[in-house]
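Novice: Here my numbering is used: position 343 in the sequence shown is 376, and no number is missing along the way.
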Amino acid sequence: MNHKYKIDIWILISVLVLMIFSIGVVYSASASFALDKFQDSRYLFKQHLIKVVFSVAALFILAKVDYKILERFAKPMIILSILLLIYTVFLGSSPIKGASRWISIGPVNFQPSEIARYSLIIYIALLLARKKDYMNLLYKGYLPVLFYIITVTGLVLIQPNLSVAIIIFSTSMLMIFLSQAKLKHIGFTFASLVPIVTIFIMSKDYIIARLTSYSEYKSSGSTSYQLQQALIGFGNGGLTGVGPGNSNQREFFLPEAHGDFIYSIIGEEYGFIGTFAILCLYFILIYRGYMVAKETADEFGKFLAFGITTLITINALVNMSVASGVIPTTGVTLPFVSYGGTSIIFSAMAVGVLLNISAQRENAGESLSMA
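Below you can see the structure in the form of C-alpha cells.
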C-alpha cells in the first residue's frame with residue numbers, strides 16, 4: 034500500500050461544508066430552546082461545536098487508517114453492538130420520550146443503535162465478501178448473513194425505534210441485493226416480515242397516532258403539530274429565506290427544531306436556495322460514494338462503501354421527507370447537520386472509512402493527496 038493516500042476530494046468537501054454549516058444553523062435553531070432549558074442560549078451550540086471538532090478529527094484520522102483493518106474487528110464489533118442493544122432494551126437504559134434508546138455512563142449519553150448500524154454494515158460487508166460464491170445458496174450463504182440483520186433490526190425495533198430499524202434493514206438488504214443472492218430469497222424475506230411489522234405497528238399507539246395525524250393534517254393532537262409548523266417554516270422562507278437567525282418558527286412554534294426538523298429551519302432562514310444547496314451537497318456525497326463502491330476492486334471495500342453511502346442516503350432522504358411533509362414523522366436526524374453527538378460522530382467516522390476506501394480503488398479519479 035502506498036504511503037500517500039489520494040482521497041476523493043468531493044466527498045471530503047461536501048461533508049466538511051455540511052458540518053461547518055451545521056454549526057451556525059444549530060445555534061440558530063437551538064438558541065431559544067437552550068435559553069429556556071439551560072438558561073444559556075449557547076449551551077447546545079457549544080456542545081455541538083465540540084462534537085463537530087471531534088468528528089472532523091476522527092474523519093481525518095480514519096481516512097489515513099487502512100480500512101482493511103476492520104476485517105479483524107468486524108465480528109467483535111457486531112457482538113459488542115448486539116450486547117449493547119440487549120442492555121439498552123432490558124437492563125436499565127435511559128427512557129427518552131417513552132422509548133429505551135439510550136445508555137448513560139456518567140455525563141455521557143449515547144445511542145447503541147448508532148453504533149450497531151455501522152457495525153452491522155461492516156460485518157455484512159465482510160460476510161458478503163467472504164461468501165460471495167455462496168450467496169445464492171440459502172443455508173450456506175444467505176441465511177447466515179440474514180441472521181445478523183434480523184438480530185440487530187429486531188433489537189432496535191423493540192426499543193421501540195421503528196424508523197431506525199427500517200433504515201438498518203433496508204440498507205442491509207440492499208447490500209445483499211448487490212451480491213449474488215437469489216431474488217426469490219430476498220422476496221420471501223420481505224413477504225415473511227410484512228405481517229410481523231404490521232402487527233408491531235398496530236400494537237403501538239404512538240405509531241398509529243402519527244399515521245392518523247399525518248393523514249388527517251389537523252391540529253387536534255401534538256403528533257401533527259411539529260409537521261404543520263415545519264411546513265409553515267418552509268412557506269415563510271420563500272426563495273431566499275428570512276436570513277440567518279431570523280426564524281420565527283424556532284422562536285415560538287417548532288419544538289426542538291435543532292434535531293429532526295432542522296431542515297425546516299434551513300428552509301425558513303435560507304429559503305429554497307438554501308435547501309437546494311443542501312440537496313446538492315448530499316447529491317455530490319452520494320454520487321461520489323457510489324462511484325467509490327463501483328470502482329473498488331476489493332470486495333470488502335466495495336460492499337462497505339456501498340453500505341456507508343446507502344445508510345447516509347436513506348437517513349438524509351427520510352429526514353428531508355419528514356420535514357417536507359412527504360412521510361409521517363420518524364425521529365431520524367439529518368446526517369452531519371442535525372444536533373446529536375452519537376449520530377454526527379459515527380457518521381463522520383464512517384465517511385473517514387469511505388475516504389480511505391476511495392484512496393485504494395482502482396481508478397482514483399479526481400482526488401486529494403494526504404501525506
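Virtual Cβ for every residue (Gly too), placed ideally from N, Cα, C. Fair warning: this is a prediction, and the values are worked out from it, not measured in the lab.
Please report the distance separating the alpha-carbon of G364 from that of L314.
Specialist: Taking the first residue of the sequence shown as position 1, residue 364 is located at position 331. Taking the first residue of the sequence shown as position 1, residue 314 is located at position 281. Their Cα atoms are separated by approximately 22 angstroms.
Novice: Apart from the five residues just before and just after N279, which ones in its own chain have a Cβ nearer than 7 angstroms to its Cβ?
Specialist: Translated into positions along the sequence shown, residue 279 becomes position 246. The residues are E302.
Novice: How is the alpha helix (DSSP H) around V58 delimited, first residue to last?
Specialist: Locating residue 58 in the sequence shown gives position 25, counting from the first residue. Element bounds for V58: I42 to F71.
Novice: Within the continuous alpha helix (DSSP H) that includes F221, where are the two ends?
Specialist: One-based indexing of the sequence shown puts residue 221 at position 188. F221 -> alpha helix (DSSP H) spans L216 to S236.
Novice: Using 10 angstroms around the beta-carbon of Q144, count the other beta-carbons present and answer buried if the total reaches 16, otherwise exposed.
Specialist: Sequence index remark: in the sequence shown, residue 144 carries index 111 (1-based). Buried, because 16 or more other Cβ atoms sit within 10 Å of the Cβ of Q144.
Novice: Go ahead and pull the three-state DSSP assignment for R75.
Specialist: To locate residue 75, count along the sequence shown from 1; it is residue 42. R75 falls in the coil class under three-state DSSP.
Novice: With the cut-off set at 8 angstroms, would you say I200 and N348 are in Cβ contact?
Specialist: The sequence position of residue 200 within the sequence shown is 167, counting from 1. The sequence position of residue 348 within the sequence shown is 315, counting from 1. Contact: yes.
Novice: Taking I148 and V178 to be in contact with their CB atoms under 8 angstroms, please state how far apart those CB atoms are, rounded to whole angstroms.
Specialist: Residue 148 sits at position 115 when you count from the first residue of the sequence shown. Residue 178 sits at position 145 when you count from the first residue of the sequence shown. I148 to V178, Cβ: 20 angstroms. No contact.
Novice: For my contact list, F336 and A162 are in at a C-beta cut-off of 8 angstroms; report their separation, rounded to the angstrom.
Specialist: Numbered from 1 along the sequence shown, position 303 holds the residue referred to as residue 336. Numbered from 1 along the sequence shown, position 129 holds the residue referred to as residue 162. About 6 angstroms separates the two Cβ atoms, so the contact holds.
Novice: Return yes when the Cβ of T121 is within less than 8 angstroms of the Cβ of L344, no when it is not.
Specialist: What you label residue 344 is simply residue 311 of the sequence shown in a count that begins at 1. What you label residue 121 is simply residue 88 of the sequence shown in a count that begins at 1. Contact flag unset, no.
Novice: Could you tell me the boundaries of the alpha helix (DSSP H) in which N169 lies?
Specialist: Taking the sequence shown and counting its residues from 1, one reaches residue 169 at position 136. Taken as a continuous stretch (DSSP letters only), N169 belongs to no alpha helix (DSSP H), as it is neither H nor E.
Novice: Measuring alpha carbon to alpha carbon, tell me which of G274, V325 and S47 ends up nearest I306.
Specialist: The residue given as residue 306 occupies position 273 in the sequence shown. Of the candidates G274, V325 and S47, the one whose C-alpha sits nearest the C-alpha of I306 is G274.
Novice: Just checking, does the segment 383-395 make contact with the segment 347-361 on the three C-beta pairs under 8 angstroms criterion?
Specialist: Contact fails: fewer than three Cβ-Cβ distances are below 8 angstroms.
Novice: DSSP beta-bridge partners for N142?
Specialist: Along the sequence shown, read from residue 1 onward, the residue named residue 142 stands at position 109. N142 is bridged to S137.
Novice: Could you pull out every residue in the same chain whose Cβ sits closer than 8 angstroms to the Cβ of L264, ignoring the five residues on either side in sequence?
Specialist: The residue labelled residue 264 in the question sits at position 231 within the sequence shown. Around L264: S297, S357 and G358.
Novice: Determine the burial state of P193: buried for a count of at least 16 other Cβ atoms within 10 Å of its Cβ, exposed for fewer.
Specialist: Counting from one through the sequence shown, the residue named residue 193 turns up at place 160. Counting Cβ neighbours within 10 Å, P193 comes out buried, since at least 16 surround it.
Novice: Can you tell me where the alpha helix (DSSP H) holding F178 begins and where it ends?
Specialist: Counting from one through the sequence shown, the residue named residue 178 turns up at place 145. Here residue 178 is Val; the residue named in the question, Phe, does not match the sequence. V178 -> alpha helix (DSSP H) spans L176 to L190.
Novice: Just how far apart, CA to CA, sit L45 and L124?
Specialist: The sequence position of residue 45 within the sequence shown is 12, counting from 1. The sequence position of residue 124 within the sequence shown is 91, counting from 1. Cα to Cα, L45 sits roughly 39 angstroms from L124.
Novice: Starting from G364, trace the alpha helix (DSSP H) both ways and give me its first and last residue.
Specialist: Working through the sequence shown from its first residue, we reach residue 364 at position 331. Looking at the DSSP string, G364 is not in any alpha helix (DSSP H), and its letter there is neither H nor E.
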